[in-house]
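Chains as they are written, first to last, in this note's numbering: chain A, 45 to 393; chain B, 493 to 753. Backbone N, C-alpha and C fix where the C-beta goes; we use that ideal spot for every residue, glycine too. Accompanying notes for the structure given below.
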Amino acid sequence: MSDRNPTLVDRGLPMSRLLFMMGPGGVGKTTLSVLHGFYYARHQKWKTLVLSIDPSKRLASELNLDLTGNIRTIETNLDAAILDQKTIFDQMLEKLIPDHKIRSRLQNNPLYEASSQHFGGAVEYMALVKMEQNLQNYDLIIVDTPPDLHAIDFLSRPEILAQFFEHKIFSWLIKPAYFAAKLGIMRIGNQAFAALTKIVGSKALGDLIDFLYHMMPFIEGFHDIAEKMRVHFHSPLTRYMIIHRPDWPSYKSALALNQALSNIGLKANALVQNQAMAIPTGKENFHPKDLEFFHQILETQKSIEDHWKSHQSTPTNISPGAPFHRIETWSPIPLGNINHAEMVLDIML
Amino acid sequence: MPKKVVFITGKGGVGKTTVTCQLAKQWSGSARCRILEQSLDHSVAHTFQQNGVFDQHTPIHERLDTINVSPMGCYQSFLKHEFQLNRAFLSVMQSKGMYSMVRMLPGVFELLLLGRIIFESKDVDHLIFDGYSSGHFLKVLSTPNALSKIKLGGRIQELVDKIVIFLKEHCEVYVVSLLENYALDETQELSKGILALNLCPINRIVLNRVYYGTTDIQYQCNHFYQEQQNILEKYVQNWGSNIDIGICRIATPPSSIEVYP
């Protein structure tokens with residue numbers, strides 16, 4: 045890394061900035077993530093990483109990215125990666141469980157393969173790991189999140205892990221069960237154990253206990269990373285941009301996201317109306333039915349904006365001062381080049 | 493119409509909920525229907541201008557209700573209906589600590605959701621699941637196969653087997669898309685993924701927000717219509733004759749679903 049430009053982090057800033065693009069599906073989060081990446085890399089000269097945790101892998105096809113999740117350089121100052129669950133899982137395993145024998149035993153446990161792909165909420169943990177791995181390497185990490193409230197899932201994942209630890213499942217269930225199994229005693233006077241045997245069968249339970257016992261350093265590793273990231277999520281340098289399209293269901297989803305952010309103690313920094321229509325000049329030759337159609341769209345765009353602005357100024361408003369930005373990307377007649385990022389410039393600066 | 497259990501999926505933002513509600517409206521004219529969603533924002537209930545409540549049936553009219561299932565609700569439902577645990581066991585299993593551990597295990601939540609769908613479909617003629625967007629949906633649907641590789645025993649294995657049978661015998665998938673290249677490309681990818689699982693067929697593709705069509709070329713917007721027609725003709729050839737195509741045109745309120753051609 046000696047040939048890279050020193051990042052702001054090297055020059056004394058405590059951490060990378062994080063920018064989360066959130067919103068319901070199909071509003072343009074991936075496109076905006078990429079465009080903002082280009083903008084900050086080219087015009088602000090910030091070393092930028094665009095990271096996608098969207099399972100549809102759109103970023104991958106758009107930028108021709110490595111599907112195994114390795115970071116690829118797009119151009120000077122701009123890197124991108126998608127999240128590949130399995131790769132990160134394997135990388136973490138190697139780092140946190142250095143003992144080769146235990147690791148290989150784990151990898152042979154049938155639960156391991158299932159876990160690396162289906163582990164409850166794994167994508168969210170992987171995202172946290174990927175971000176944490178790169179905090180020192182970039183000035184800005186732009187995160188293209190999964191659609192809708194799944195984005196909140198991943199921001200609140202640190203809490204769920206914390207619960208697991210708080211309830212000390214490890215000490216009162218897993219550890220004793222593991223040692224009981226080793227000693228050949230599969231029945232222990234433990235109601236939870238007995239109940240679990242009924243649910244998953246005793247062989248699977250044995251595998252599960254073995255798995256969880258050896259995975260503890262791994263789970264603890266996640267916990268540490270999650271805690272660290274939780275601090276960053278609350279940092280004043282972190283920005284949350286909620287994106288919607290100009291229709292009411294999309295806007296309502298945006299409002300729900302706004303509320304959900306607020307419920308976990310965070311707030312939106314901007315509301316962006318993407319894919320909006322530019323107002324026709326009136327000199328075009330439109331069919332009356334089309335005119336009516338355009339009129340409806342413009343009406344909707346405006347009333348959403350009015351709603352957000354009045355929503356902002358009520359006494360109970362939850363995102364004080366979050367500005368509204370409209371990005372006009374289409375018109376019944378061709379538009380010139382649009383600089384999306386400039387349209388929401390004040391989000392980061 | 494024989495009993496239908498339909499899973500609605502498609503790229504994010506294409507209008508799955510809109511199409512789900514349209515279908516439910518159509519079918520509940522003559523049969524008992526239920527819409528099931530698993531969402532944090534009660535989008536189905538709100539479409540019908542009702543307040544959403546988790547894990548309770550919200551009536552829309554005498555032949556239609558909707559339910560928004562929570563993860564905890566699915567877990568509780570599994571504990572209650574899949575086996576009669578004595579009270580001591582039940583209270584242990586219901587504890588927050590147990591629940592948080594169960595939630596972390598591979599595929600459990602997805603499995604419980606599928607089990608809940610089966611349960612909720614029992615006392616209605618048709619159930620429509622307003623499902624997740626493509627990637628997430630595929631992950632849920634691939635859970636039974638993935639879990640079959642682990643030699644599970646006990647009630648979970650019975651549930652996995654039951655789900656696989658139910659999916660093969662009763663379920664079908666409808667994919668919603670827009671009439672645009674990037675959306676249809678994702679639809680192709682998704683369809684391949686679903687068919688590869690060998691569980692439920694895809695019987696319908698619903699094209700949403702289709703332009704109503706000004707065919708008179710003197711007006712400047714005819715190009716929207718023409719673009720969409722070109723795209724449609726290009727993709728229709730790939731879908732084969734055993735997939736229905738539904739068209740839902742742009743309109744407020746949403747228009748009903750026409751059959752194409």
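Can you tell me which of the three DSSP states residue i falls into?
i: F621 (chain B); result: strand
i: V53 (chain A); result: Residue placement at V53 (chain A) is flagged as unreliable, the pLDDT there being 47, under the threshold of 50; the coordinate-derived value follows with that caveat. Three-state result, V53 (chain A): coil.
i: K89 (chain A); result: coil
i: I742 (chain B); result: coil
i: K614 (chain B); result: coil
i: I232 (chain A); result: Since pLDDT at I232 (chain A) reaches only 49, below the 50 mark, its modelled position is unreliable, and the value read off the structure follows with that caveat. Coil.
i: R526 (chain B); result: strand
i: H534 (chain B); result: coil
i: T558 (chain B); result: strand
i: D291 (chain A); result: coil
i: V71 (chain A); result: coil
i: D334 (chain A); result: helix
i: E750 (chain B); result: strand
i: C692 (chain B); result: coil
Just checking: is the beta-carbon of residue i within a distance shorter than 8 Å of some beta-carbon in chain A?
i: I648 (chain B); result: yes
i: F581 (chain B); result: yes
i: M564 (chain B); result: no
i: S625 (chain B); result: yes
i: I642 (chain B); result: yes
i: V667 (chain B); result: no
i: H573 (chain B); result: no
i: P753 (chain B); result: no
i: L532 (chain B); result: yes
i: K654 (chain B); result: no
i: G645 (chain B); result: yes
When the Cα of residue i is compared with those of the options, which residue comes out closest?
i: K495 (chain B); options: B:L670, B:L676 and B:V616; result: B:V616
i: I243 (chain A); options: B:G544, B:V497, B:L604 and B:C513; result: B:L604
i: F82 (chain A); options: A:E119, A:L305, A:A320 and A:I348; result: A:E119
i: S522 (chain B); options: B:R555, B:H538 and B:N543; result: B:R555
i: P324 (chain A); options: A:F337, A:K296 and A:Q317; result: A:F337
i: A638 (chain B); options: B:R608, B:V600 and B:E529; result: B:V600
i: E264 (chain A); options: A:D188, A:L140, A:H331 and A:N181; result: A:L140
i: D439 (chain B); options: B:H549, B:P563 and B:M564; result: Not covered by the structure: residue 439 (chain B). The range shown for chain B is 493 to 753.
i: F368 (chain A); options: A:I287, A:G245 and A:L184; result: A:I287
i: D74 (chain A); options: A:L62, A:S96, A:Y84 and A:F133; result: In the sequence as presented, Asp is not what sits at residue 74 (chain A); that position holds Thr. The shortest C-alpha separation from T74 (chain A) is found at A:S96.
i: E349 (chain A); options: A:F64, A:F133, A:R289 and A:N121; result: A:R289
i: A248 (chain A); options: B:S748, B:K684 and B:S640; result: B:S640
i: L305 (chain A); options: A:L122, A:L150, A:H278 and A:I341; result: A:H278
i: R61 (chain A); options: A:N178, A:N329 and A:Q340; result: A:N178
i: K643 (chain B); options: A:D143, A:V187 and A:G250; result: A:G250
i: L515 (chain B); options: B:N543, B:Q680 and B:D622; result: B:D622
i: P332 (chain A); options: B:F540, B:Y704, B:Q680 and B:S669; result: B:Y704
i: V667 (chain B); options: B:V702, B:Q720, B:E602 and B:I735; result: B:I735
i: Y624 (chain B); options: B:I739, B:T512 and B:I552; result: B:T512
i: P293 (chain A); options: B:W519, B:L582 and B:T539; result: B:T539
i: N307 (chain A); options: B:Q586, B:T509 and B:L532; result: B:L532
Under 8 Å, Cβ to Cβ, is there at least one residue of chain B near residue i?
i: L155 (chain A); result: yes
i: I371 (chain A); result: no
i: K353 (chain A); result: no
i: P191 (chain A); result: yes
i: S46 (chain A); result: Low confidence applies to S46 (chain A): its pLDDT is 36, below 50, so where it sits in the model is not reliable, and the reading given next is rough at best. So no, S46 (chain A) is outside the interface.
i: F82 (chain A); result: no
i: K242 (chain A); result: yes
i: K89 (chain A); result: no
i: R289 (chain A); result: yes
i: A298 (chain A); result: no
i: G250 (chain A); result: no
i: S306 (chain A); result: no
Would you please state the rounded distance, in angstroms, between the beta carbons of residue i and residue j? I believe it to be under 8 Å.
i: G70 (chain A); j: V506 (chain B); result: 6 Å
i: R370 (chain A); j: A298 (chain A); result: With 8 Å as the limit, R370 (chain A) and A298 (chain A) do not qualify as a contact, their Cβ atoms being about 13 Å apart.
i: V584 (chain B); j: A239 (chain A); result: 6 Å
i: V497 (chain B); j: L633 (chain B); result: About 13 Å separates the two Cβ atoms, so there is no contact after all.
i: V372 (chain A); j: A300 (chain A); result: Looking at the sequence itself, residue 372 (chain A) is Glu, so the reference to Val does not match. E372 (chain A) to A300 (chain A), Cβ: 25 Å. No contact.
i: V536 (chain B); j: D547 (chain B); result: Incorrect: roughly 14 Å between the Cβ atoms, too far for contact.
Could one say the Cβ of residue i lies closer than 8 Å to chain D's Cβ atoms, at least one of them?
i: A171 (chain A); result: Checking the listed chains, one finds no chain D in this structure; the protein chains it contains are A and B.
Is any heavy atom of the ligand GTP found at a distance shorter than 7 Å from the C-beta of residue i?
i: V665 (chain B); result: Here there are no bound small molecules, and the ligand GTP is not part of this structure.
Inter-stretch contact (C-beta, 8 Å, three-pair minimum) for the segment 306 to 326 of chain A and the segment 86 to 98 of chain A: no
Can you find at least 3 beta carbon pairs, one from the segment 122 to 129 of chain A and one from the segment 169 to 183 of chain A, that sit closer than 8 Å? yes
Between the segment 671 to 679 of chain B and the segment 498 to 516 of chain B, do at least 3 Cβ pairs fall closer than 8 Å? yes
Take every Cβ of the segment 254 to 262 of chain A, pair it with every Cβ of the segment 143 to 157 of chain A, and state whether three or more of those distances are shorter than 8 Å. yes
Using 8 Å as the cut-off, can you tell me whether the segment 695 to 704 of chain B makes contact with the segment 643 to 659 of chain B, which would need three or more C-beta pairs spanning the two stretches below that distance? no
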